[in-house]
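To start, the structure under review is shown below, and the notes come after it.
Numbering (mature numbering (1 follows the signal peptide of the UniProt record, and there is no 0)), first residue to last: -20 to -1, 1 to 159.
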């Protein structure tokens, strides 16, 4: 019995470590490539500001993810692989960017989520009219979220870091099921 319990816990530990989101460190204006997805950030504006008699650097940052994998990345609404392990509650999130040295002062961000666009598929629905004849109606149905090849999605955020430091960013790319 103890061996069975040990084996189950060991297998579960291996399974969850394989499904963990991989964190990729990103340098300023030097994007990182993760499985064909290029993750990066650009600083749009920076200034020094005083908060509570201390000086901090305030950065306006744009984080982005570009699909250069050669094929679209798709997350279906009912993606059982992704939903069964509780990876994320929001299926539209394709990457999460964390600033490791952000203070969060003045209600600023420490992280940002990059969300993909919705995609729709046409579905043919047979309908029976009042006269008894059957007609086919086409309805566009929301099927999931997509990041097409060559497409870039971005999000803006404001970060406050200690004076003299630059943002240290890290990206966690979501696990995609293979279709």
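A virtual CB, placed ideally from N, CA and C, is assigned to each residue, including glycine.
All values reported here derive from a predicted model rather than from experimental measurement.
What residue range is occupied by the uninterrupted beta strand (DSSP E) comprising residue 19? It spans 17 to 31 - the beta strand (DSSP E) in which residue 19 sits, taken as one unbroken run.
Does DSSP classify residue 53 as helix, strand or coil? Annotated three-state conformation of residue 53 is strand, per DSSP.
Using the rule of at least 16 other Cβ atoms within 10 Å of the residue's Cβ for burial, across every protein chain shown, is residue 57 buried or exposed? Label assigned to residue 57: exposed.
Ignoring anything shorter than 4 residues, give me the alpha helix (DSSP H) runs that lie fully in the region 113 to 138, in order along the chain. none
What does a CB cutoff of less than 6 angstroms around residue 39 pick up in its chain, not counting 5 residues either side in sequence? Only 23, 26, 139 and 147 meet the Cβ criterion.
Using the C-alpha atoms, what's the distance from residue 44 back to residue 143? Separation of residue 143 and residue 44 (C-alpha to C-alpha, rounded to the nearest whole angstrom) is 25 angstroms.
Where residue 152 falls: helix, strand or coil (DSSP): strand
Within the continuous beta strand (DSSP E) that includes residue 75, where are the two ends? Here the beta strand (DSSP E) through residue 75 covers 73 to 79.
Residue 146, DSSP secondary structure in three states: If DSSP states are grouped into helix, strand and coil, residue 146 belongs with coil.
Enumerated in chain order, which unbroken segments of the beta strand (DSSP E) with a length of 3 residues or greater are wholly contained in the region 79 to 108? 91 to 95 and 97 to 108
Pull the bridge partners of residue 37 from the DSSP assignment, please. 28 and 141
Compute the distance between the beta-carbons of residue 118 and residue 102, then report whether it is under 8 angstroms. In contact: residue 118 and residue 102 (Cβ atoms closer than 8 angstroms).
Given a cut-off of 8 angstroms, decide if residue 2 and residue 80 are closer than it, judged by their beta-carbon atoms. no
Rounded to whole angstroms, what is the Cα-Cα separation between residue 46 and residue 141? 26 angstroms
Rounded straight-line distance, which links the Cα of residue 99 to that of residue 89: 29 angstroms
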